[in-house]
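Peer 1: Pasting a structure below so you can have a look.
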Amino acid sequence: MTNESVFDLKLQTLQQKLAELETVMRARIEQEQALRFEQSISHDKVTEANRRVDQIIEQLEELRRAG
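Quick look at the structure:
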């Protein structure tokens with residue numbers, strides 16, 4: 162093998178490893194984005210539930226004052 166062919170083989174190997182790494186990193190980024198989206202939805206649901214509870218408490222207090 163010539164030095165050039167050894168270099169080409171090493172370059173090809175590095176390019177393959179880089180492509181594999183890019184694939185893994187993309188998958189991790191997608192997982193992180195999905196997790197953040199799920200957490201955002203959960204936070205929004207909790208916020209909405211708290212708002213509804215506050216409304217119910219307010220209505221009960223109004224009924225108590227009126228009654």
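Position 60 (the sequence shown) corresponds to 221 in the working numbering; numbering is contiguous. No residue lacks a Cβ here, since even glycine has one placed at the ideal position from N, Cα and C.
#1: Under 8 angstroms Cβ to Cβ from N211, same chain only, skipping five residues before and after it: list those, please.
#2: Keeping to the same chain, check which residues put their C-beta closer than 8 angstroms to that of G228; ignore five residues upstream and five downstream.
#3: Which of helix, strand or coil does DSSP assign to M186?
#4: Pull up the distance between the alpha-carbon of N164 and that of Q194, whole angstroms please.
#5: Let me know the secondary structure DSSP gives T163 once reduced to three states.
Peer 2: This is what the structure gives:
#1: none
#2: none
#3: helix
#4: 44 angstroms
#5: coil
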